[in-house]
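Numbering (this note's numbering), first residue to last: 216 to 457.
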């Protein structure tokens, strides 16, 4: 219930007024059954606008810290992420990557829509970065289609490090579903997982018009950190095969 209240009553009207969002290619999202929506990631607001304009409910994987915080802020975060149906994952253990993949698989097996950011983190400069192979491993294991989704304009409305939202036009472009059944039985093959990942990233590059950078965004952030006090919805980590 809370998911739909946030979408249509509590937060949705404000997002519509500020971003005037439009979606192109919504018909490419299956109306039923499991599917992975793989999106580029420019801003925290990607995780707000994508569910806002997508007809079906989307489940993201959220880091467990959002559910275990203390004080008023911790209680609010736990309530919010639980209310909107997000799935907690522990990213600190040795098996964190596999645990995240298992959590994603459970969402898919339940026939739901799983939202994934293949880059693994937000882009530090609005360019498109190398995708991690966790998404590919999940798609190959479950056999579901991957639908590429390009978020455009969210970085102008919600620049990294900003605390306030700024009015800016937001556009969502949805590409054709990608069927990887030709690789059936090849899950775990690191070369196939990289090929699947690169195919999705290529479609995202075409849809978004972003410049592509063939390095991981996380590695770039380690060498040139950007001040950012805004929490992000976590992403499926890379598989061990990459």
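Glycine included, each C-beta is placed from N, C-alpha and C at the ideal position.
Here residue 355 really is in contact with residue 402; their C-beta atoms are around 4 Å apart, less than 8 Å. In the displayed model, residue 299 falls within coil according to three-state DSSP, outside both helix and strand.
Cβ neighbours of residue 389 within its own chain (closer than 7 Å, five residues either side excluded): 238, 239, 240, 241, 243, 244, 362, 364. Residue 414 and residue 304 have their C-alpha atoms roughly 27 Å apart.
For a cut-off of 8 Å, the C-beta gap from residue 302 to residue 318 is around 5 Å, short enough to register as a contact. Restricted to the segment 352-437, the alpha helix (DSSP H) segments that are unbroken, complete and at least 4 residues in length are 369-372, 405-423, listed in chain order. The DSSP-derived three-state label of residue 262 is helix. Residue 244 carries a coil assignment under DSSP once its states are collapsed to helix, strand and coil. 7 Å or more divides the Cβ of residue 264 from the Cβ of residue 343.
Residue 255 is a Cβ neighbour of residue 419, given a cutoff of 7 Å. In this structure, the beta-carbon distance from residue 323 to residue 299 does not fall below 7 Å. Residue 274 carries a strand assignment under DSSP once its states are collapsed to helix, strand and coil.
Annotated three-state conformation of residue 344 is strand, per DSSP. Residue 289 sits in a helix when the DSSP states are folded into three classes.
Taken through DSSP and simplified to helix, strand or coil, residue 253 comes out as strand.
The shortest C-alpha to C-alpha distance from residue 251 to any of 274, 267, 222, 285 is the one to 274.
If you compare the alpha carbons of 357, 416, 423 with that of residue 430, the shortest gap goes to 416. Taking 7 Å as the cut-off, the Cβ atoms of residue 369 and residue 268 do not count as close. Beta-bridge annotation (DSSP): residue 329 is paired with 251, 274.
When DSSP states are grouped into helix, strand and coil, residue 269 belongs to the coil group. Distances from the alpha-carbon of residue 259 to those of 292, 337, 411 put 337 closest.
In the assembly as shown, residue 385 is a buried residue. Its beta-carbon has 16 or more other beta-carbons within 10 Å. Bounds of any alpha helix (DSSP H) do not take in residue 238; it lies within the beta strand (DSSP E) bounded by 237-239.
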